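In the numbering used here, the protein residues as written are 1089 to 1419.
Read the structure below first, then the notes.
Put into structure tokens, the structure is as follows:
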């Protein structure tokens, strides 16, 4: 074996008792207030995470593994590995296993299609630190993949059509992606978070907000023949963190309020920054945003997540098989 694909994801705790340790990984060791830990345990419990090991794996883990297996079946003998940045299976451990299995070239694909220093950049740093002496082909972004866009459109169209029929008018669509701290977009701070002393700052703008909105625009274009116009869709950032400081917006909450003020009585949400179910979808949208919409007098629909979408698998095949970008030798 010489070449393999590595799918990288954020990671999530397996049981509620791991929450504090998990959050420490996410924040780089900075402890979170106990109230925050308990609130997140509450949210994860509502989407099915249990107190003891041995139960159903958390949605992010379950679906990422399933996506990896589906990709491996469609590749011609190329093995696929799964690794997480903030929880097991950790990137360093999986790379060590790949090395033991005889892998010399890694094709790494982040399961976050839009490139951001706060996600993709940190995955890349962790991978390059672990893959000493190995050849790494790192896919920084695949936000405008035609097959990814088609996969999102396939999930959106049926629920949007149903919502429009029930409302008796064209239902507005609200596309979302995970927010990031303003400082990381404006200054490049996250590009060096955890880096060795002396690592230079990056003064180029973070591409994430542009790429997220680009994905949304391409998905909306797919529904244009069905009647969705540029006046019918909106974009907002969700799941702003609790770490302090401003996060990029507009927020979903303020956008829902604005839609109601404009006279809308329903909205369809599609998160285009995520490729599977996890807490930001199953709690933030299905519970928190749904409760807010009910209070505002809005009916809320959500397009199903991509999860085991065959079209998503084809998109991953295309990304994994591409000859771009150029290989990088890990030091």
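Positions of the beta carbon are idealized from the N, C-alpha and C atoms, including for glycine.
All figures in this text were calculated on a predicted structure; none of them were measured in a lab.
**Asked** Would you call the region 1387 to 1397 and the region 1196 to 1206 in contact, with 3 or more CB pairs under 8 Å?
**Response** no
**Asked** Going by beta carbon distance, what residues of the same chain come within less than 6 Å of residue 1168, once the five residues before and after it are set aside?
**Response** 1093, 1156, 1159 and 1160
**Message:** On a Cα-Cα basis, can you pick out the residue from 1127, 1345, 1182 and 1335 that is closest to residue 1440?
**Reply:** Residue 1440 cannot be examined here, being either before or after the span of the chain that is shown, 1089 to 1419.
**Prompt:** Is residue 1328 helix, strand or coil when you go by DSSP?
**Reply:** coil
**Prompt:** Where does the unbroken alpha helix (DSSP H) through residue 1297 begin, and where does it stop?
**Reply:** It spans 1296 to 1310 - the alpha helix (DSSP H) in which residue 1297 sits, taken as one unbroken run.
**Prompt:** In or out: residue 1234 buried (at least 16 other Cβ within 10 Å) or exposed?
**Reply:** exposed
**Request:** Note down the Cα distance separating residue 1340 from residue 1151, rounded to an integer number of angstroms.
**Result:** So the two alpha carbons sit approximately 25 Å from each other.
**Item:** Between the CA atoms of residue 1199 and residue 1177 - distance to the nearest angstrom
**Value:** 15 Å
**Asked** Between the C-alpha atoms of residue 1377 and residue 1355, what's the straight-line distance to the nearest angstrom?
**Response** The straight-line gap from Cα to Cα measures roughly 11 Å.
**Request:** Please state whether DSSP places residue 1130 in a helix, a strand or coil.
**Result:** When DSSP states are grouped into helix, strand and coil, residue 1130 belongs to the helix group.
**Three-state class that DSSP yields for residue 1443 in the structure shown** = The chain is shown only over 1089 to 1419; residue 1443 falls outside these bounds and no answer can be derived.
**Prompt:** Going by the CB atoms, is the gap between residue 1099 and residue 1174 shorter than 8 Å?
**Reply:** yes
**Prompt:** Excluding five sequence neighbours on each side, which residues of the same chain lie with their C-beta closer than 6 Å to the C-beta of residue 1281?
**Reply:** In this prediction, residue 1281 has a pLDDT of 35, which is less than 50 and means its spatial position is unreliable; what the coordinates show is noted afterwards. Cβ within range, chain order: n/a, list empty.
**Message:** Measuring only the C-alpha atoms, how far is residue 1164 from residue 1306?
**Reply:** For residue 1164 and residue 1306, the distance between alpha carbons rounds to 30 Å.
**Request:** Measure from the alpha carbon of residue 1442 to the alpha carbon of each residue in 1116, 1171 and 1315, then state which is nearest.
**Result:** Within the shown structure, residues of the chain are numbered from 1089 to 1419, placing residue 1442 beyond reach of any answer.
**Prompt:** If you run the structure through DSSP and keep just helix, strand and coil, what is residue 1375?
**Reply:** helix
**residue 1096 classed as buried or exposed, judged by whether at least 16 other C-beta atoms fall within 10 angstroms** = buried
**Item:** Sequence ranges, beta strand (DSSP E) only - wholly within the region 1155 to 1216, length at least 3
**Value:** 1168 to 1172 and 1193 to 1198
**Asked** Which value, in whole angstroms, describes the spacing of the CA atoms of residue 1107 and residue 1313?
**Response** 45 Å
**Item:** Reduced DSSP category for residue 1140 - H, G, I as helix; E, B as strand; rest coil
**Value:** Judged by DSSP in its simplified three-state form, residue 1140 adopts coil rather than helix or strand.
**Request:** Return no unless some Cβ of chain E is closer than 8 Å to the Cβ of residue 1202.
**Result:** Structure shown: chain E not included; a single protein chain is present.
**Asked** Taking residue 1237 as the reference, which of 1408, 1148, 1299 and 1113 has the closest Cα?
**Response** 1299
**Message:** Which of the three DSSP states is assigned to residue 1235 in this structure?
**Reply:** helix
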